[in-house]
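Novice: First the structure, which I've put down as C-alpha cells, then a few questions once you've had a look.
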Amino acid sequence: MGRSRELPTSCKFTAMTVIAICIMSFLLLASITSPNPFSDLTQKFFPSQNDKNSSPAQELPQDQSCISRSQKISYHKKSSSPVPSPYFLSKLQDYERRHKNCEPFSEPFNRTLQLLVTGKNSPSNITESDYCRYLVYNVNLNGLGNRILGLSSAFLYALLTNRVLLVDFGPDMADLFCEPFQKSTWVLPADFPFRDEFYSSQFREAHSFGSLLMKNANFAHLAPPPSLLHLFLSFEYSNYDKLFYRDENQEFLQGVPWLTLRSDQYFIPYLFLMPCFKPELERLFPDKETVFHHLGRYLFSPSNQAWGLITRFYDAYLARADERIGLQIRVFNPTATPIPLFTKQILQCTQKESLLPQLQESTASSSAGGSNKTTSTSMKAVLIGSLYREFYEEMKFMFWTRASVDGGQVVGFHQASHEGSQHSESHSHNMKAWADMYLLSLCDALVTSPWSTFGYVAQGIGVMKPWILNVPNDRDGDQKRQPETACTQAVSMEPCFHFPPSYDMRAKVIVDREAGLHPPVVHCEDVRWGLKLANDREN
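Structural data, given as C-alpha cells:
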C-alpha cells in the first residue's frame with residue numbers, strides 16, 4: 001500500500017519524448033525569432049531575389065557612402081543567385097573583426113610595423129594579441145581585369161592564412177570601389193615603408209621569396225624568419241617564385257609578419273590543388289563554380305562615381321529591353337584577328353546560339369521592313385564592350401539595313417566607351433572600364449573573347465557561363481588555325497588561371513601543362529594549359 005509507483009517503461013519513453021519535443025520546439029522558436037547571425041553580411045553583400053521582392057531597393061537601408069550596395073540587387077535580373085555557405089559568411093565575420101583590430105594605425109599595426117622600421121626579424125612566436133600578420137597587395141599591374149582577379153586571389157589567400165589584407169591603390173585606381181570592410185579601410189597608408197620601392201627589380205631581388213629560395217635551397221635553418229618577404233606571382237614569375245605553391249613552403253611563410261604580393265593572375269584554382277588549403281576551401285565553397293562570384297560581390301561594390309556611370313547608361317539604353325546581350329570583344333593582335341574576321345565569328349556565334357536573329361540575305365529584300373512581321377515583337381539590347389568603335393558601327397549598320405528573317409525581333413546596339421587602346425595608368429580609363437565590366441554583368445547572356453580577364457570579371461559577377469569566341473590569336477601559337485566552330489560555351493563561370501606553375505624543382509622536370517585533370521580543377525576552354533574551377537557533373 002505504501003509503495004511508490006513507477007511509470008511503466010512505455011510511459012517513461014513518452015514523457016521523455018514530450019520533454020524532448022518541448023525543448024526542440026523552444027529551440028526552433030528561438031531560431032526563428034532571433035536575428036540571423038549573418039544578417040548584416042547577407043543584406044549588405046549577398047541580398048537574394050527574395051530580399052528584392054519583399055523589400056524594394058529604395059526601401060533598404062542605404063549607405064550614402066556606397067549607394068550601389070543597396071541598389072544593385074534591383075539591377076541584376078537573374079531569377080536566383082548563388083547563396084554563400086554559412087561557413088564562408090562566418091569566416092568573413094571573423095575576418096572583419098581581425099581587420100578592424102589590425103587596421104592601419106591601430107596598436108597591433110604600429111607594433112608590427114616596427115619590425116619593418118627597425119629591420120628586426122620576426123619574433124619567434126607571433127600572437128594576435130601583440131602582433132598581426134599582413135598581406136600587402138600591389139594592385140598596379142596590367143589591366144583592370146587582371147587587377148581585380150589578382151586582388152580577389154590575394155584576399156582569399158589572406159582569409160586562408162589569417163592575414164589582414166592591405167591594398168596599395170595608385171591614383172589610377174582611386175575611388176573605383178567602395179570600402180568592403182565595415183568601419184575600416186583596406187587602403188595601405190601612403191607613408192608605408194618600401195611603398196615607393198614595390199615596383200622595382202631591386203626590391204624583388206632583395207626581398208622576394210623566390211630569391212630567398214634560390215640563395216638558400218634549404219631555408220629551414222632560417223629561424224626566426226625575416227619580417228618581410230615579397231611574393232612575385234605575375235605571369236613572368238621565375239621557377240623559384242613558383243615554389244610558393246608547395247605546402248612545405250606555406251608553413252615557413254606563416255611565420256613572416258609582412259608579405260607583399262604582386263600578381264596579375266587568378267591563382268585560386270591552384271590553391272584547390274594544395275593539400276594544406278583544399279579542405280578549408282571545400283568548406284568555404286561547396287559550389288566550386290561560385291568562388292569568384294562570392295568574392296567579387298563582397299569586395300567590389302562600385303563607388304558612387306562608378307555607380308552613377310553604370311545606372312545612367314543602363315536606365316537610358318538597356319532597362320526597357322526584353323533581353324540584354326553582352327558582347328565583350330578584345331583584340332590582342334589586329335593582324336592575327338582582323339576586325340572583319342572577328343565580326344564574322346561574332347555573328348555566326350550569336351545567330352547559332354539564338355542570341356541574335358537571322359538576317360535576310362540582302363538589303364533589297366529588307367525594304368518591305370515589317371512585311372514578314374510576326375504577331376509579337378521583342379526588343380533586344382546588345383551592349384558592346386570593346387576598345388574599338390568599329391564593331392559597334394558595323395553591327396549596328398548590318399541590323400539596320402537588313403531585316404530579321406521572322407521580323408519579330410528588334411535589335412538595338414549600344415556602346416558606353418571606346419578608348420581605342422588600353423591606358424591602365426589613367427584613372428578615367430579605369431573608371432570607364434569598370435563601368436563597362438559591370439554593365440556587361442547585368443546582361444542576360446554574354447559572349448566573350450578568349451584570354452580576356454575583362455570578360456572573366458563580367459561573367460563571374462553576373463553569374464553567366466559565356467560563349468567564348470573561337471578566334472585565331474597570337475597568344476597560343478594557333479593564329480593560322482581557322483576555328484571549326486564560332487564559339488564554345490564555358491563549362492563554368494569561373495575565371496581562368498592563365499599561367500599555373502609548370503616547373504617541378506624537386507624532380508627537375510617540366511610538368512606537362514596540358515595533362516588531364518579532374519574537377520574541381522579543369523583546363524580552360526580558351527587557354528589550353530590554363531586552370532579553372534568547375535563542379536563534378538558525374539557525381
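Residue numbering for the sequence shown follows full-length UniProt numbering, starting at 1 and increasing by one per position. Cβ coordinates follow ideal geometry from the N, Cα and C atoms, glycine included. These numbers come from a predicted model, not from an experiment.
Give, in chain order, every unbroken run of the alpha helix (DSSP H) that is at least 4 residues long and sits entirely within the region 264–347.
Specialist: Within the region 264–347, the complete alpha helix (DSSP H) runs of at least 4 residues are 268–271, 278–284, 291–299 and 304–313.
Novice: Taking three-plus beta-carbon pairs below 8 Å as touching, is the region 327–335 in contact with the region 434–449?
Specialist: Contact between the region 327–335 and the region 434–449 is present: 3 or more CB-CB pairs across the two stretches fall below 8 Å.
Novice: Since Leu284 and Tyr87 are thought to touch, with beta carbons under 8 Å apart, how far apart are those beta carbons, to the nearest angstrom?
Specialist: 6 Å
Novice: In angstroms with no decimal places, state the Cα-to-Cα distance between Phe397 and Val411.
Specialist: 11 Å
Novice: If you run the structure through DSSP and keep just helix, strand and coil, what is Arg262?
Specialist: In the structure shown, Arg262 sits in a strand (DSSP, three-state: E or B).
Novice: Between Met464 and Met493, is the Cβ-Cβ spacing less than 8 Å?
Specialist: yes
Novice: Say whether the region 425–437 touches the region 172–185, bearing in mind that this needs 3 or more beta-carbon pairs closer than 8 Å, one atom from each stretch.
Specialist: At 8 Å Cβ cutoff, the stretches touch.
Novice: For a test of the three-state rule: what should DSSP assign to His99, helix, strand or coil?
Specialist: In the structure shown, His99 sits in a helix (DSSP, three-state: H, G or I).
Novice: Could you tell me the boundaries of the beta strand (DSSP E) in which Tyr75 lies?
Specialist: First-last for Tyr75: undefined, no H or E at that position.
Novice: Would you say Lys72 reaches chain C, if we count a Cβ-Cβ gap shorter than 8 Å as a contact?
Specialist: Reference to chain C is not applicable here, since this structure consists of a single protein chain.
Novice: May I ask you to list the residues that DSSP assigns as paired with Phe413?
Specialist: Val382
Novice: According to DSSP, is Leu92 part of a helix, a strand, or is it coil?
Specialist: helix
Novice: Using a threshold of 8 Å, state whether the C-beta atoms of Gly455 and Gly296 are closer than that.
Specialist: Contact flag unset, no.
Novice: Could you check if Glu289 is buried or exposed, using at least 16 other CB atoms within 10 Å of its CB as the buried criterion?
Specialist: buried
Novice: From the DSSP output, which residues share a beta bridge with Cys487?
Specialist: Leu469
Novice: Rounded to a whole number of angstroms, what is the C-alpha to C-alpha distance between Gly119 and Asp444?
Specialist: 54 Å
Novice: Can you tell which of Ala534, Thr488 and Ser263 has the C-alpha that lies nearest to the C-alpha of Arg147?
Specialist: Ser263
Novice: Within 10 Å of its beta-carbon, does Thr485 have 16 or more other beta-carbons around it, so buried, or fewer, so exposed?
Specialist: The residue is exposed, with fewer than 16 neighbouring Cβ atoms inside 10 Å.
Novice: What residues are listed by DSSP as bridge partners for His230?
Specialist: Ser208 and Thr260
Novice: Following the continuous beta strand (DSSP E) through Ala445, name the residue where it begins and the one where it ends.
Specialist: Ala445 to Thr448
Novice: Quick one, which of Pro275, Ser211 and Ile346 has its alpha-carbon nearest Asn239's?
Specialist: Distance from the Cα of Asn239 is smallest, within the candidate group Pro275, Ser211 and Ile346, for Ser211.
Novice: Report buried or exposed for Arg204, applying the criterion of at least 16 other Cβ atoms within 10 angstroms of its Cβ.
Specialist: buried
Novice: Rounded to a whole number of angstroms, what is the C-alpha to C-alpha distance between Lys380 and Val331?
Specialist: 25 Å
Novice: Does the structure place the region 180–197 close enough to the region 96–109 that three or more beta carbon pairs sit under 8 Å?
Specialist: yes
Novice: Could you tell me the alpha carbon to alpha carbon distance between Lys72 and Gln305, rounded to whole angstroms?
Specialist: Roughly 14 Å between the two C-alpha positions.
Novice: Got a sec? Which residues, its chain only, sit under 6 Å from Leu356 by beta carbon, not counting five neighbours each side?
Specialist: Thr350
Novice: Considering Cα atoms alone, identify which of Met214, Pro226, Leu271 and Asp130 is closest to Leu159.
Specialist: Leu271
Novice: Ignore the nearest five residues each way along the sequence and tell me which others in Thr161's own chain have a CB closer than 8 Å to its CB.
Specialist: Answer for Thr161: Arg133, Leu135, Gln250, Leu253 and Gln254, listed in chain order.
Novice: Straight-line CA distance for Arg195 to Leu149?
Specialist: 22 Å
Novice: Apply the 10 Å Cβ neighbour rule to Arg163 and answer buried if 16 or more other Cβ atoms are within range, or exposed otherwise.
Specialist: buried
Novice: What distance in whole Å lies between the Cβ atoms of Leu116 and Trp258, which are believed to be in contact at a cut-off of 8 Å?
Specialist: 6 Å
Novice: Look at the alpha carbon of Glu394 and the alpha carbon of Pro338, and state the distance between them as a whole number of angstroms.
Specialist: 13 Å
Novice: Considering just the uninterrupted stretch of the alpha helix (DSSP H) at Lys532, what are its terminal residues?
Specialist: Unbroken run through Lys532 is the beta strand (DSSP E), Leu531 to Leu533; no alpha helix (DSSP H).
Novice: How is Phe454 classed by DSSP in three states: helix, strand or coil?
Specialist: helix
Novice: Which partner residues does Asp168 have in the DSSP bridge list?
Specialist: Asn138
Novice: For Arg111, count the other beta carbons within 10 Å of its own beta carbon; 16 or more makes it buried, fewer makes it exposed. Which is it?
Specialist: exposed
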